[in-house]
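In our numbering, the protein residues as written are 236 to 351.
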């Protein structure tokens, strides 16, 4: 981790501008992780959404309420190329080996055997 920052884009557009400015100073080719907790869409600006697009993001949270959002992208990548998810409730992303290595099973309610 070379730097980190937090922005309350629910509170006001100044925070959204700070987000856009922070992303603008990241050198191309750097891997960036972004997470939204709570309602981060209320004060998002065009510049903030475009800045997230410069990380490979394509989801625009404006017009949503209470959506989570997670993005892992590369600065300078084309919009839509990032690993990204958003929606009601929690949002999870992972890169690399799946940490859930449990053996899966199936529950069966009823089995019928018939002789022919």
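Ideal placement from N, C-alpha and C gives every residue a C-beta, glycine not left out. Note that the structure is a prediction, hence the values are computed from the model and not measured.
{"Asked": "CA-CA distance, residue 244 and residue 343?", "Found": "48 Å"}
{"Asked": "Could you check where the beta strand (DSSP E) with residue 322 kicks off and where it finishes?", "Found": "318-322"}
{"Asked": "I need the boundaries of the beta strand (DSSP E) containing residue 308, first residue and last residue.", "Found": "303-309"}
{"Asked": "Quick one: what does DSSP say residue 251 is sitting in, helix, strand or coil?", "Found": "helix"}
{"Asked": "Within the same chain, show all residues whose beta-carbon is closer than 6 Å to that of residue 258, passing over the 5 residues directly before and after it, in chain order.", "Found": "286"}
{"Asked": "Here's a check: name, in chain order, each residue in its chain whose Cβ is nearer than 8 Å to the Cβ of residue 301, leaving out the five neighbours to either side.", "Found": "273, 274, 323"}
{"Asked": "Going by DSSP, what residue range makes up the beta strand (DSSP E) through residue 268?", "Found": "266-271"}
{"Asked": "Is the distance from the Cβ of residue 312 to the Cβ of residue 291 below 8 Å?", "Found": "yes"}
{"Asked": "In chain order, what residues of the same chain lie with their CB nearer than 7 Å to the CB of residue 261, ignoring the 5 residues before and after it?", "Found": "267, 310"}
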